[in-house]
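> Last residue of the sequence shown: 279 in the working numbering, with the numbers rising by one and none dropped. Even glycine gets a Cβ: it sits at the ideal position worked out from N, Cα and C. If you're wondering where the values come from, they're calculated on a predicted model, not measured in any experiment. I'd like to ask you about the structure that follows.
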Amino acid sequence: MRKLWCILVVTVWSAVCFVLACLAMLVTLNPSRSVAVARRIWSPVLLWAGGAKLEVIGGENVDPKRPTIYVGNHLSTLDIPAHFLAVPVDFRFVAKSQLRFVPFIGWYLWVAGHVFINRGDRSSAIASLEKAARKIRAGTSIFLYPEGTRSEDGSVLPFKKGPFALALKARVPICPVTIEGTDNVMPKNSWNITPGPVRVKIGRPIDTTGFADNDREGLARAVRAQIIADSLSLGGKGGDPDTAVAAPNREGVAQRDSDPTSKAS
Numbered sequence: 015m016r017k018l019w020c021i022l023v024v025t026v027w028s029a030v031c032f033v034l035a036c037l038a039m040l041v042t043l044n045p046s047r048s049v050a051v052a053r054r055i056w057s058p059v060l061l062w063a064g065g066a067k068l069e070v071i072g073g074e075n076v077d078p079k080r081p082t083i084y085v086g087n088h089l090s091t092l093d094i095p096a097h098f099l100a101v102p103v104d105f106r107f108v109a110k111s112q113l114r115f116v117p118f119i120g121w122y123l124w125v126a127g128h129v130f131i132n133r134g135d136r137s138s139a140i141a142s143l144e145k146a147a148r149k150i151r152a153g154t155s156i157f158l159y160p161e162g163t164r165s166e167d168g169s170v171l172p173f174k175k176g177p178f179a180l181a182l183k184a185r186v187p188i189c190p191v192t193i194e195g196t197d198n199v200m201p202k203n204s205w206n207i208t209p210g211p212v213r214v215k216i217g218r219p220i221d222t223t224g225f226a227d228n229d230r231e232g233l234a235r236a237v238r239a240q241i242i243a244d245s246l247s248l249g250g251k252g253g254d255p256d257t258a259v260a261a262p263n264r265e266g267v268a269q270r271d272s273d274p275t276s277k278a279s
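Set out below in structure tokens:
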């Protein structure tokens, strides 16, 4: 019954909030108003329907006046509403291109100016990151999941290096955001909902000016190390520090040091 209830709530409420978000943008001519709808109206209802009790730690590390790249580990579809609530900033997600075609949620991401990235097409992915860079230079914060996919077992997966090129180009702080518990409430590829706690820890921003222009791997390792530490502090599984960087064109698979293409990816 809870499964059917959650499917009904997500479908109906997402449709209602999509219309509200579009109206908010039309009336105000401000795309950021759609983010307010997602945070204040859509997200709380979805977490309530799933019985998720959200706790946020480190909220003082969020500065709405400063363009920032928020980087999070990814466990569940429920991460999206949880992060909308936990990080009270009018950010834009960098999301998989496939989400564009998901009814209501994908449509909302498109009309609200979130950035879609096709990781299977290098030139398209670079163009998407350039679009995200333009948003940052215009003062808009970005939220992205550098693992590229949801973790199957709750551990922090290897990070793709591409998003960190964006951070080095924009030279804005990276704020690590660690989430635990959403995979227990709503596992990957499942509607078997189990009510429970969801904890989000927002770490101190990492200054990107201390990294060389081309040190994507060093920055990725630094951010991932902080997320692993925060995951463990929240009771999560952390991750393997020796598998910090994802293999080229692979998600959730670490690069091998002997791979001659790994340094160029």
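From Ile21, Ser245, Ala239, Ala152, pick the residue whose C-alpha is nearest to that of leucine 10; which is it?
The requested residue 10 does not occur in the structure, where the chain is confined to residues 15 to 279.
> Would a check of beta-carbon distances place aspartate 256 closer than 7 Å to chain B?
No chain B is present in this structure, which holds just one protein chain.
> Should glutamine 240 go down as buried or exposed, given a rule of 16 or more other Cβ atoms within 10 Å for buried?
With 16 or more other Cβ atoms within 10 Å, it is buried.
> Would the segment 70-81 and the segment 174-181 be scored as touching if the rule is three or more Cβ pairs under 8 Å?
no
> In terms of residue numbering, what span does the alpha helix (DSSP H) encompassing alanine 231 cover?
The identity of residue 231 in the sequence shown is glutamate, whereas the question assumes alanine. Taken as a continuous stretch (DSSP letters only), the alpha helix (DSSP H) holding glutamate 231 covers 230-247.
> Taking all protein chains shown into account, do 16 or more other C-beta atoms lie within 10 angstroms of the C-beta of proline 187, making it buried, or fewer, making it exposed?
buried
> How big is the Cα-Cα spacing for alanine 278 and serine 138?
Only weak support is given to the placement of alanine 278: the predicted model assigns it a pLDDT of 41, under 50, and the question is left unresolved by the model.
> Kindly list the residues whose CB is nearer than 8 Å to the CB of methionine 39, restricted to its own chain and excluding five residues on each side of it in sequence; keep chain order.
Pro45, Arg47, Ser48, Val125, Ala126
> Run through the DSSP bridge pairs and tell me what arginine 213 is partnered with.
Under DSSP, arginine 213 shares a beta bridge with Glu69, Glu194.
> If you follow the beta strand (DSSP E) that alanine 109 is in, where does it begin and where does it stop?
106-110
> DSSP three-state label for tyrosine 122, please.
Of the three classes helix, strand and coil, the one that applies to tyrosine 122 here is helix, per DSSP.
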